[in-house]
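Line by line, the protein sequences give chains D and F. Numbered per the working numbering, the first sequence finishes at 386, counting up by one with no gaps. Numbered per the working numbering, the second sequence finishes at 564, counting up by one with no gaps. No residue lacks a Cβ here, since even glycine has one placed at the ideal position from N, Cα and C. Structure first, then comments.
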Amino acid sequence: MAAKKETKAGKKHEHKGLDTYETETTREIEERTLQVAKNIVDQIKRGTSPTFTTKVRGLSNVYFDEEKKYIQLGDKQVTRPFLNLGAARKFMQTMLVNDKCNEYLKEGKTASIREIYYELKRTVANTKENTFEGQNESDEVIVDVEHAVNTIREKLGLHAEAKGSLYGDITLKDRKHDNDIFNCNSLGRGGWSIMSRIEPEEIEIVDVNADMVLVIETAAMYNRLIEEKYARQHNAILIGTSGQAARGARRLVHRLRYEYDLPVIVFTDGDPYGWYIYSVIKSGSMALAAHSKYMAVPDAKYVGMTLTDVETYGLQNVTERMKDGDVKRAKELMNYDWFKSKEWQSELKLAIDKKIRIEQQALANKSLDFVARKYLPEKIEKEIFL
Amino acid sequence: MAEKVLEKKETPRKEVEAEQLFTEFKEHSVADFFKKNKQMLGLSGKQRTMTTIIHELVTNSLDACEEAGILPEIEVSISELGSEYYEISVVDNGPGIPEDKLASAMGKLLAGTKFHRLVQTRGQQGIGVSGIILLSQMTTGKPTKLISGTNKGKTVSMEISIDSKTNTPKVSDKHYLENKFKGLAIKCKFKDIVYKKGQSSVDEYLRRTAIANPHLTLKFQDPNGEATKYTRTVNKLPSIPTAVKPHPRGVTVDEMLTYARHAQARKVNSFLTTTFDRFGQTSVDSVSQLAHFDLNKDPRSLSWEEAEDLIKAIKQTKFIAPSTDNLVPIGEDQIKKSLKAIVEPEFLAVVTRKPTVYQGGYAFQIEAGVAYGGKAGRLISVEKTSGKEVITEEVRSSEIIRYANKAPLLFDAGGCAITKTAESVDWKRYGVNNFDTSPITVLVNLISVHIPYTSAGKSAVSDDTDIVAEIKLALMDVSRKVGIYIIEKKREEEKKEKKKVFAKYAPYVVDALVHTTGEKNKELLLKNLSNMVLEKLKMEEAGIKAPEDEVIEDDSVAEEEFEE
């Protein structure tokens with residue numbers, strides 16, 4: 001076990017223990033990256049064309065698991081040979097990233113994905129090209145390595161920038177920073193900045209005193225709810241994602257749901273972009289389909305905004321017009337298996353027909369505190385979820 | 001009419017035309033004459049006029065040299081005297097013109113300028129040197145300077161102008177030169193013309209003239225003082241086209257009447273056999289049966305209707321195809337030599353097709369060449385954006401060089417059957433993926449006693465089915481040969497390119513692997529990888545596909561998820 005409970009459990013919520021996901025040691029992952037390289041060395045020594053095998057990602061190898069209710073990655077594999085004109089460059093890049101990750105693990109270092117890009121970027125001898133032309137190239141290869149050694153990047157010593165904020169009566173311990181212990185309702189109005197890696201060996205959840213987790217798309221709405229003291233009055237933990245939820249925020253939501261059994265409620269703008277944020281929290285994403293098990297929260301609820309709200313709360317004059325791209329995206333969503341419920345289909349159809357969208361902050365049209373005083377309490381109390 | 005390989009005596013039509021033109025010329029002012037016939041004389045447009053002047057002078061020199069059996073050496077120079085004001089000088093090493101005939105040969109409009117010549121081959125516009133002298137006089141009011149030296153006597157220098165009322169030359173400043181000189185030098189000034197570079201420039205005209213005349217040494221000095229020299233690659237003169245009578249099949253009613261009016265024969269039937277090629281007694285019998293009048297009448301009294309009747313009868317009569325042995329191509333070897341020297345391509349193929357006959361009943365012959373790579377094609381400037389900067393790059397693009405009887409056609413390219421046919425070739429089949437942007441020079445020379453031009457401007461060939469078909473066959477023939485070369489070359493390049501791709505990444509792969517695994521034998525890894533690359537390329541060449549050649553499955557994530 002990577003983490004041991006050091007303090008008492010939360011009043012209401014017992015800690016449920018960790019999944020095997022977190023039980024792999026750094027040594028094990030280091031060994032796997034070494035094995036990838038060893039296999040290729042053997043191939044070259046034997047005189048067989050060297051190849052690197054990873055999993056196919058993207059729509060062709062992603063499916064919606066009806067039983068588990070989240071997106072899963074299939075078993076399709078792709079073999080990337082060095083001796084193929086179209087693949088040679090990527091093969092080279094993969095070896096560089098695999099080697100660098102192996103080095104990080106060996107030496108106990110971590111780097112951001114931007115740092116590894118800069119660390120590996122150099123001019124290819126006698127050419128005008130670089131080993132990596134942009135971070136997008138190294139990012140892609142990182143995903144390949146993740147899949148090849150069957151882990152997540154955080155385990156490879158890589159992390160992304162912090163994104164998203166946490167507020168509420170939850171006590172954390174930062175094991176990578178002098179074992180600081182802090183409660184997220186006493187860090188001021190901004191709350192805690194969610195790290196990209198919130199695995200137990202880095203961030204330990206010491207204590208949780210809440211009835212629900214409210215995931216909020218916009219920072220402005222997150223701030224509004226803090227200012228209105230919504231968290232305290234309704235015993236909620238607020239997670240502001242600032243747009244699409246990053247891995248750290250998703251892992252945190254997942255841990256709160258499964259380690260502390262808190263219900264998760266999602267609150268976004270009423271448009272295809274916002275709905276997809278909800279979808280990612282609930283069912284996982286295609287890019288991280290392999291890790292849905294540790295990310296997806298299939299019983300997450302959606303509180304709003306919905307186009308029904310427009311009628312219910314008289315918000316007709318504060319809707320926005322959907323752009324062509326939004327309409328197209330809405331049509332795509334209609335085709336996803338996890339949007340096939342009657343309610344979602346009719347909501348999406350309404351959006352496509354009316355071509356309107358509604359922002360969270362449009363609720364301010366009623367009054368600034370309307371969202372905290374009336375909208376959320378009423379909808380959550382009566383369980384008016386979509 | 002100039003391109004007709006017709007002996008003067010046998011072409012009364014030309015005389016008539018000259019007479020008519022001259023009458024017209026006397027009636028109107030000189031300026032009017034040129035203005036009225038601008039299109040036909042090649043004097044429409046300032047650049048075109050410049051090219052026409054050069055064409056007339058160079059052609060005159062070339063013809064003179066060839067008839068005298070002298071390997072031509074011509075020097076052209078242009079200097080700018082002011083805005084749209086130039087002095088042009090052409091010096092040849094030809095036979096020269098005897099002093100007593102010099103003025104009348106050069107200074108009598110449309111009469112006797114080609115007295116020393118039997119046939120005319122290249123002439124395109126037929127304005128002649130005298131026309132050029134007149135144009136000079138008309139635009140500048142200045143006389144033209146001539147220097148002539150023959151093997152006998154002294155070198156004479158004079159200035160001449162043309163009295164437009166009497167069509168006679170006026171000589172001034174006549175004197176003798178001490179310097180020994182053989183040939184003809186002409187120097188005249190022009191206004192309202194312009195010199196500029198490009199596809200229709202004098203430079204291009206001369207380059208193409210040099211290509212079509214490998215026996216010519218040509219020097220050119222442009223107004224900026226830049227000198228170009230084309231040295232002959234062949235030391236043999238081309239044979240001179242022999243005179244030929246018109247074939248009956250190609251004659252129009254109008255032409256029939258013109259010939260008849262100047263006939264020497266007393267009767268229509270003897271007029272037919274003496275005037276036309278392949279018109280024997282059998283043909284006369286057939287025509288006389290078909291015609292609705294007596295062929296014993298005087299040809300000079302032939303009416304329009306009778307001429308029409310004759311043409312109709314001729315159409316229904318069988319004739320032997322016109323003789324083709326009078327056509328003189330440049331020759332495959334000759335074109336090859338000059339293309340190699342002037343275009344400097346990597347590879348070239350040339351064909352001279354057998355002569356054949358087109359619908360009008362005229363013999364014609366096609367020569368075609370394709371030069372590829374190296375300095376083939378023409379340089380053009382292309383603007384490219386590199387980041388925020390716009391840079392001008394010089395790249396090679398294709399060019400189509402057209403000739404009618406070895407004379408370069410520089411204008412109306414779009415409307416010309418040669419251009420259209422060259423562009424209609426399926427170049428992709430021959431390894432040329434984008435014809436327009438490839439380093440290719442396509443050459444087509446159409447040789448005929450009668451070139452079917454699209455218009456009086458005589459700058460483009462019309463779409464005659466037979467001619468188009470022959471051009472196409474010729475181009476396909478040479479393109480196939482060039483195509484084999486191009487495809488082979490591309491294969492070689494691809495192979496090299498592939499090897500390079502693997503070679504540049506291999507050290508990075510090996511370094512990373514050695515670093516990860518601590519493998520000691522780095523050299524072995526490098527050696528094995530490089531051997532595998534060579535092996536793979538060999539297999540590819542043999543057409544054996546390795547498993548790694550299979551298309552790699554697309555594994556891109558379709559969704560934009562805004563994830564870090």
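Classification of residue i by the beta-carbon crowding that lies within 10 angstroms, buried from 16 upward
| i | result |
| --- | --- |
| LEU177/F | exposed |
| TRP304/F | exposed |
| HIS177/D | exposed |
| SER83/F | exposed |
| LEU386/D | buried |
| LEU118/F | Confidence at LEU118/F is low in this model, with a pLDDT of 26, below 50, so its placement is unreliable and no value can be given for it. |
| TYR375/D | buried |
| ILE391/F | exposed |
| PHE63/D | The question names Phe, yet the displayed sequence has Tyr at residue 63/D. Its Cβ having fewer than 16 others within 10 Å, TYR63/D is exposed. |
| GLU378/D | exposed |
| ALA227/F | exposed |
| SER193/D | exposed |
| ASN528/F | buried |
| ILE320/F | exposed |
Residues bridged to residue i (per DSSP)
| i | result |
| --- | --- |
| PRO169/F | ILE162/F |
| THR53/D | THR79/D |
| TRP275/D | Per DSSP, none; premise fails for TRP275/D. |
| LYS219/F | GLU75/F, LYS229/F |
| THR155/F | LEU177/F |
| GLY270/D | ILE358/D |
| GLU80/F | TYR86/F |
| GLY141/F | DSSP, once it has assigned bridges, lists no residue as partnering GLY141/F. |
| PRO200/D | Paired residue(s): none; PRO200/D is not in a bridge. |
Residue i, enclosing alpha helix (DSSP H) - first and last residue
| i | result |
| --- | --- |
| CYS577/F | The requested residue 577/F is not part of the displayed model; chain F covers only 1 to 564. |
| GLY248/D | 247 to 260 |
| SER89/F | Careful: SER89/F lies outside any alpha helix (DSSP H), inside the beta strand (DSSP E) at 85 to 92. |
| MET40/F | 38 to 41 |
| ARG232/D | 230 to 234 |
Selection from the options that minimises the alpha carbon distance to residue i
| i | options | result |
| --- | --- | --- |
| PRO241/F | GLU159/F, VAL328/F, LEU295/F | VAL328/F |
| LYS354/D | TYR336/D, GLU320/D, GLU381/D | GLU320/D |
| VAL194/F | GLU493/F, ILE400/F, GLY45/F, SER479/F | GLY45/F |
| LEU526/F | GLU540/F, ALA542/F, LYS504/F | LYS504/F |
| ILE142/D | ILE71/D, GLY240/D, GLU115/D | GLU115/D |
| THR168/F | GLY94/F, ASP100/F, SER104/F, ARG48/F | SER104/F |
Closer than 7 Å at the beta carbon, the chain F residues around residue i
| i | result |
| --- | --- |
| ALA88/D | VAL501, PHE502, TYR505 |
| ASP131/D | The residue asked about is misnamed: residue 131/D is Thr in this sequence, not Asp. In chain order: TYR508. |
| LYS38/D | THR517 |
| LEU34/D | THR516, THR517 |
| ASN102/D | THR516 |
| MET334/D | Those do not exist, as MET334/D stays about 15 Å from chain F at its closest Cβ, beyond 7 Å. |
Bounding residues of the beta strand (DSSP E) (the contiguous stretch that carries residue i)
| i | result |
| --- | --- |
| ASP337/D | First-last for ASP337/D: undefined, no H or E at that position. |
| ASP180/D | 180 to 183 |
| PHE267/D | 264 to 267 |
| SER148/F | 144 to 149 |
| GLU608/F | No information on residue 608/F is available, as it lies outside the stretch 1 to 564 that chain F covers here. |
7 Å Cβ cut-off: residues of chain D touching residue i
| i | result |
| --- | --- |
| GLU519/F | VAL41 |
| LYS536/F | LEU83 |
| MET532/F | GLY47, SER49, LEU83 |
| LYS498/F | LEU85 |
| ASN578/F | Residue numbering for chain F in the displayed model covers 1 to 564; residue 578/F lies beyond these limits and cannot be assessed. |
8 Å Cβ cut-off: residues of chain F touching residue i
| i | result |
| --- | --- |
| ASN98/D | ALA512, THR516 |
| PHE91/D | TYR505, VAL509 |
| VAL124/D | LYS504, TYR505, TYR508 |
| THR127/D | LYS504 |
| MET322/D | Within 8 Å Cβ-Cβ: nothing; MET322/D doesn't reach chain F, min ~18 Å. |
Partner residues on chain F for residue i, Cβ-Cβ distance less than 9 Å
| i | result |
| --- | --- |
| THR53/D | In chain order: nothing, as chain F lies at least about 12 Å away. |
| ASN136/D | The premise fails here: ASN136/D is roughly 11 Å from chain F at the closest Cβ pair, so nothing lies under 9 Å. |
Beta carbon proximity, residue i to chain C, threshold 8 Å
| i | result |
| --- | --- |
| ILE203/D | Within the model displayed, chain C is absent; protein chains D and F are what it includes. |
Chain-ordered neighbours of residue i on chain D, where CB pairs are closer than 8 Å
| i | result |
| --- | --- |
| LEU525/F | VAL41, ILE44, LYS45 |
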